[in-house]
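Trainee: Chains as they are written, first to last, in the working numbering: chain A, 8 to 351; chain B, 8 to 351.
Number of protein chains: 2
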Amino acid sequence: MVSLHEVAKKAGVSIATVSRVLNNSTKVNIETRKKVQDAVNELGYQPSRVAQRMRYQKGHSKLLGLIIPDIQNAYYSSIVRGVEDVAYKKNYALILCNSDEDAAKEKFYLEVLKSESADGVILPPIHEQGKLIGELVKNGLPIICVDRRLANLIVDTVVVDNHKGAYDATSELIKLGHRRIGFISSMPHFSSFKERRRGYEDALTAHGIPVNEDYIRLGDQRKPESGRIFAHELLKLKQKPTAFFVSNNLMTLGAIEAIHQKNLKIPDDISIIGFDDLPWAKSINPPLTVVRQPGYEMGRRAAEMFFQRIDEPDRELAMVLLEPKLVVRDSCKAIPATDPITQP
Amino acid sequence: MVSLHEVAKKAGVSIATVSRVLNNSTKVNIETRKKVQDAVNELGYQPSRVAQRMRYQKGHSKLLGLIIPDIQNAYYSSIVRGVEDVAYKKNYALILCNSDEDAAKEKFYLEVLKSESADGVILPPIHEQGKLIGELVKNGLPIICVDRRLANLIVDTVVVDNHKGAYDATSELIKLGHRRIGFISSMPHFSSFKERRRGYEDALTAHGIPVNEDYIRLGDQRKPESGRIFAHELLKLKQKPTAFFVSNNLMTLGAIEAIHQKNLKIPDDISIIGFDDLPWAKSINPPLTVVRQPGYEMGRRAAEMFFQRIDEPDRELAMVLLEPKLVVRDSCKAIPATDPITQP
DNA sequence: GTTTATTAAGAAATCGTTTCCAATTATTGC
DNA sequence: GCAATAATTGGAAACGATTTCTTAATAAAC
Numbered sequence: 008m009v010s011l012h013e014v015a016k017k018a019g020v021s022i023a024t025v026s027r028v029l030n031n032s033t034k035v036n037i038e039t040r041k042k043v044q045d046a047v048n049e050l051g052y053q054p055s056r057v058a059q060r061m062r063y064q065k066g067h068s069k070l071l072g073l074i075i076p077d078i079q080n081a082y083y084s085s086i087v088r089g090v091e092d093v094a095y096k097k098n099y100a101l102i103l104c105n106s107d108e109d110a111a112k113e114k115f116y117l118e119v120l121k122s123e124s125a126d127g128v129i130l131p132p133i134h135e136q137g138k139l140i141g142e143l144v145k146n147g148l149p150i151i152c153v154d155r156r157l158a159n160l161i162v163d164t165v166v167v168d169n170h171k172g173a174y175d176a177t178s179e180l181i182k183l184g185h186r187r188i189g190f191i192s193s194m195p196h197f198s199s200f201k202e203r204r205r206g207y208e209d210a211l212t213a214h215g216i217p218v219n220e221d222y223i224r225l226g227d228q229r230k231p232e233s234g235r236i237f238a239h240e241l242l243k244l245k246q247k248p249t250a251f252f253v254s255n256n257l258m259t260l261g262a263i264e265a266i267h268q269k270n271l272k273i274p275d276d277i278s279i280i281g282f283d284d285l286p287w288a289k290s291i292n293p294p295l296t297v298v299r300q301p302g303y304e305m306g307r308r309a310a311e312m313f314f315q316r317i318d319e320p321d322r323e324l325a326m327v328l329l330e331p332k333l334v335v336r337d338s339c340k341a342i343p344a345t346d347p348i349t350q351p
Numbered sequence: 008m009v010s011l012h013e014v015a016k017k018a019g020v021s022i023a024t025v026s027r028v029l030n031n032s033t034k035v036n037i038e039t040r041k042k043v044q045d046a047v048n049e050l051g052y053q054p055s056r057v058a059q060r061m062r063y064q065k066g067h068s069k070l071l072g073l074i075i076p077d078i079q080n081a082y083y084s085s086i087v088r089g090v091e092d093v094a095y096k097k098n099y100a101l102i103l104c105n106s107d108e109d110a111a112k113e114k115f116y117l118e119v120l121k122s123e124s125a126d127g128v129i130l131p132p133i134h135e136q137g138k139l140i141g142e143l144v145k146n147g148l149p150i151i152c153v154d155r156r157l158a159n160l161i162v163d164t165v166v167v168d169n170h171k172g173a174y175d176a177t178s179e180l181i182k183l184g185h186r187r188i189g190f191i192s193s194m195p196h197f198s199s200f201k202e203r204r205r206g207y208e209d210a211l212t213a214h215g216i217p218v219n220e221d222y223i224r225l226g227d228q229r230k231p232e233s234g235r236i237f238a239h240e241l242l243k244l245k246q247k248p249t250a251f252f253v254s255n256n257l258m259t260l261g262a263i264e265a266i267h268q269k270n271l272k273i274p275d276d277i278s279i280i281g282f283d284d285l286p287w288a289k290s291i292n293p294p295l296t297v298v299r300q301p302g303y304e305m306g307r308r309a310a311e312m313f314f315q316r317i318d319e320p321d322r323e324l325a326m327v328l329l330e331p332k333l334v335v336r337d338s339c340k341a342i343p344a345t346d347p348i349t350q351p
């Protein structure tokens, strides 16, 4: 790598002068400036971000950390893309980490990012308590929570209104006459899934439908497989659900697969609402009704909050709550009013 | 950040000794060692990767760059995941960059990565010539091409046999009796799509079917939209295709959407083979026959090649050619032998 | 013509490591 | 008991940038 020294030697000046030219700070004689510029161009010099980071310390490392559960989940990759686009504009590089919902891995990566002098970290926290996160924040490392929140608002946060998303989806099904609605979701380790479950239950209760634990299946949201198995279980019940609400994109795929395997028709035999509006949702047959989370937007907002925090470290903590949207397509159908069970 | 100095002060030794303890190099008195360990633990010291990078220079930065067209394309995110898993094991951090198929952005990021002293870069090159890449390699920066190759083998490369993938898919359709096979793909800017087109044409030729330019549509592979439009165009032809082969996952979604919009049934009215075996491919109705590229495997292999190159900078250049696999599901059907056109 | 103000550019410190070299102390051999 | 060797440890340089402090030179003021 060509360094300041080489440029200085070529231009016949000191490295201090070269640095001054590059950061066009205090006045440099115009002829000297020219000599330096020429040398810089000729040698194709570009500063070492590592050395700059070394010198500057906090807040100028031009490095942003991003820890997500799994980049292969398209919902998270849209968040990543949102972050990246903002970071790019600010000339920041992005360090990407996959935590696999493993707290140890999260901890490891947080330490790596600290050690890399990253200016901040964006992540969906694995645990709601976030002890380590609290320490890091106290230590002066800006952290932004995205997708999930901590129990206490100790960091800037961007989340979607998960309760509303689930409530609206469930209500839509109820409005269509469904009373037995299967709910396939994740264990309530994360704020997001906890809220979705409450949204589902609250919608049922609000419409005078008792919550039936038989219709609720919680498991590993990282694989379609679990969605498939749960759907099969639900379809085996004596009083089987007439509709599914699945609270995650991968599980949704599994549930759809199970329905096809049973040779049931969507929406004639069973209605289904999925979560996350990914490219395939509108292409499949029938196009899928889903709760759309603005993933890209969340990433973008989180990155913007990060930069605001950098600019103004003492600003008040902020929490952005984005609206999910029920995108109605063709995977839900009204239950015939003659169904004896659905009639009070 | 707590530095060596603070640990040294606390332990009452010099920073050199602390460093020696941490890198358990030349002998340190066992009592001194203990004192230092205690101080390290008490202060929660961890070394600054930035400072280490500064000192070590080349090949020890523990930083790997990854430039991909778009993380929102699930095929690329599986490559990323493959790379990440290997990097994680080696304690490397990953800098992720999205090029959007924009050569200027690629150049920008390559320079950033150089400036970050990354130990290497993995990328699907945008241009086959790769002038800048050549320079960087000459400069000593290990670069691994993945998914696409350069015109000349000047860097380690991991690609899939695109010609075979397309050839097999097309042959499958021909075997089912199809003669008019629409080919929806990308402009041949990239080695991969160029090869897929040749695979398609070679399969036709090998079976004595003339290549008809009317059935070939090339456009922007980044959006389902283009696949949808092309499919509509093809379906408007007087002699319309009885099958589609679509050479990219996003375009495949668009084509499927178009087919549904025309109220055609897969595979009864039209057969289709897609590219990339993403989670949705087997969940949709009917499950989609696709050419599966081992994305994760490619990422993994590329990362492994990178580490081999680091260990042994002068080893011979290698090119790994992975096999794609035609995964037959239910989206293709034989053409009735009575179709007058398909009979010679 | 001498003193003062102003401008331009170099010297050196700094960030946190690692490592070479030198110095000090302890140990061993005769 | 003294010299030689081994075992530890500290000092300082280096990595590449930025910035403060100094100094040199020039211009301005009286």
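Just so you know, even glycine gets a beta-carbon here, dropped at the ideal spot from N, CA and C.
Predicted model only: the values in this text are computed from it and were never measured.
1) Alpha carbon to alpha carbon, how far is E232 of chain B from M258 of chain B?
2) Against V253 of chain B, what residues of chain A qualify as contacts under a CB-to-CB distance less than 7 Å, listed in chain order?
3) If we cut at 8 Å on Cβ distances, does K289 of chain B have a partner in chain A?
4) Would you give the residue range spanned by the alpha helix (DSSP H) that G172 of chain A belongs to?
5) From H12 of chain A to G141 of chain B, what distance separates their C-alpha atoms?
6) Does H12 of chain A come out as helix, strand or coil in the three-state DSSP assignment?
7) So the alpha helix (DSSP H) V43 of chain A belongs to, where does it begin and stop?
8) With burial defined as no fewer than 16 other Cβ atoms inside 10 Å of the residue's Cβ, what is the status of D154 of chain A: buried or exposed?
9) Kindly give me the distance between the Cβ atoms of S193 of chain B and L225 of chain B, rounded to whole angstroms, as I take these residues to be in contact under 8 Å.
10) Less than 6 Å between C-beta atoms, sequence neighbours within five positions excluded: which residues of the same chain meet that for A81 of chain B?
11) Does the separation of the CB atoms of G281 of chain B and G261 of chain B fall below 8 Å?
12) What are the residues of the segment 25–59 of chain A that lie near chain B, defined by any Cβ-Cβ distance shorter than 8 Å?
13) Can you give, in chain order, each stretch of the beta strand (DSSP E) that sits fully within the segment 274–300 of chain A and has at least 3 residues?
14) Using the C-alpha atoms, what's the distance from M326 of chain B back to V166 of chain B?
15) Flag this pair as yes or no: are the beta carbons of E7 of chain A and L329 of chain A separated by less than 8 Å?
16) Does N219 of chain A have its Cβ less than 8 Å from a Cβ in chain B?
17) In chain order, what residues of the same chain lie with their CB nearer than 7 Å to the CB of L120 of chain B, ignoring the 5 residues before and after it?
18) From G206 of chain A to T177 of chain A, what distance separates their C-alpha atoms?
19) Look up F197 of chain A in the DSSP assignment and say whether it is helix, strand or coil.
20) Count the CB pairs spanning the segment 211–218 of chain B and the segment 168–188 of chain B that are closer than 8 Å, and state whether there are at least three.
21) Using CA atoms only, rank isn't needed, just tell me which of B:K289, B:A265, B:A238 and B:P274 is closest to K340 of chain B.
22) Roughly how many angstroms lie between the CA atoms of F252 of chain A and C152 of chain B, to the nearest whole one?
23) Give me the chain B residues within the contact set of L101 of chain A, using Cβ-Cβ distance strictly less than 7 Å, ordered along the chain.
24) Between the segment 75–99 of chain B and chain A, which residues of the former have CB atoms less than 9 Å from a CB of the latter, in chain order?
25) Spell out a yes or no on whether the segment 129–137 of chain B and the segment 98–112 of chain B are touching, meaning 3 or more CB-CB pairs, one atom from each, closer than 8 Å.
26) Just list the alpha helix (DSSP H) runs in the segment 211–275 of chain B, keeping only unbroken ones of 4 residues or longer that don't cross its boundaries, in chain order.
27) Quick check on DSSP: helix, strand or coil for R204 of chain A?
28) Of all the options B:R156, B:A110 and B:Y63, which has the alpha carbon lying nearest to the alpha carbon of D126 of chain B?
29) Contact criterion: CB-CB distance below 8 Å. Does P301 of chain A meet it with respect to chain B?
30) Considering I396 of chain B, what are the terminal residues of the alpha helix (DSSP H) in which it resides?
31) Residues of chain A with CB under 7 Å from M61 of chain B, in chain order?
32) Identify the continuous beta strand (DSSP E) that holds D112 of chain A and give its terminal residues.
33) Identify whether G127 of chain B lies in helix, strand or coil by the three-state DSSP scheme.
34) Return helix, strand or coil for S84 of chain B, following the three-state DSSP convention.
35) Considering only residues of the same chain and omitting the five flanking positions on each side of P293 of chain A, which have a CB-CB separation below 8 Å?
36) Could you tell me whether the segment 237–255 of chain A touches the segment 307–314 of chain A, where touching means 3 or more Cβ pairs closer than 8 Å?
Mentor: Answer, in terms of the structure:
1) Here the alpha carbons of M258 of chain B and E232 of chain B stand approximately 7 Å from one another.
2) Under the 7 Å cutoff, chain A gives no residues; its nearest Cβ is about 12 Å from V253 of chain B.
3) Flagged as an interface residue toward chain A: K289 of chain B, by a C-beta distance shorter than 8 Å.
4) Its alpha helix (DSSP H) spans residues N169 to K182.
5) For H12 of chain A and G141 of chain B, the distance between alpha carbons rounds to 26 Å.
6) Helix at H12 of chain A.
7) Here the alpha helix (DSSP H) through V43 of chain A covers I37 to L50.
8) D154 of chain A should be labelled buried.
9) The Cβ separation is near 6 Å, so the contact holds.
10) Residues of the same chain with a CB within less than 6 Å of the CB of A81 of chain B, apart from the 5 flanking positions on each side, are L285 in chain order.
11) Not a contact, by the Cβ cut-off of 8 Å.
12) Cβ contacts with chain B come from Q53, P54, S55, R56, V57 and A58.
13) Counting whole runs of 3 or more residues, the segment 274–300 of chain A contains the beta strand (DSSP E) stretches 278–282 and 296–299.
14) Between V166 of chain B and M326 of chain B, the C-alpha separation is close to 8 Å.
15) The requested residue 7 of chain A is not part of the displayed model; chain A covers only 8 to 351.
16) By this cut-off, N219 of chain A is not an interface position.
17) Cβ neighbours of L120 of chain B beyond the five flanking positions: G72, I102 and V128.
18) Rounded to whole angstroms, G206 of chain A and T177 of chain A show a C-alpha spacing of 8 Å.
19) F197 of chain A falls in the coil class under three-state DSSP.
20) At 8 Å Cβ cutoff, the stretches touch.
21) Answer by Cα proximity: B:P274.
22) Rounded to whole angstroms, the gap between the alpha carbons of F252 of chain A and C152 of chain B is 42 Å.
23) Ordered by position in chain B, the residues that pass the 7 Å Cβ test against L101 of chain A are I102 and L103.
24) Hits within the stretch, in order: D77, I78, Q79, N80, A81, Y83, S84, S85, V87, R88, E91, D92, Y95 and N98.
25) With the cut-off at 8 Å, the segment 129–137 of chain B and the segment 98–112 of chain B touch.
26) For the segment 211–275 of chain B, whole alpha helix (DSSP H) runs of length 4 or above, ordered along the chain, are 231–243 and 256–268.
27) In this structure, R204 of chain A counts as helix in the three-state DSSP scheme.
28) Closest by alpha carbon: B:Y63.
29) Taking a beta-carbon distance threshold of 8 Å, P301 of chain A does not count as an interface residue toward chain B.
30) The structure shown does not extend to residue 396 of chain B, since chain B spans only 8 to 351, so no value can be given for it.
31) Listed along the chain, the chain A residues whose CB falls inside 7 Å of the CB of M61 of chain B are V57, A58 and M61.
32) It should be noted that the sequence gives Lys, not Asp, for residue 112 of chain A. DSSP places K112 of chain A outside any beta strand (DSSP E); the residue lies instead in the alpha helix (DSSP H), whose first and last residues are A110 to S122.
33) In the structure shown, G127 of chain B sits in a strand (DSSP, three-state: E or B).
34) Secondary structure at S84 of chain B: helix, using DSSP grouped into helix, strand and coil.
35) Excluding five sequence positions before and after P293 of chain A, the CB atoms of its chain that fall closer than 8 Å to its own CB belong to I273, P274, R336, D337 and S338, given in chain order.
36) The segment 237–255 of chain A, when compared against the segment 307–314 of chain A, does not touch it at the 8 Å Cβ threshold.
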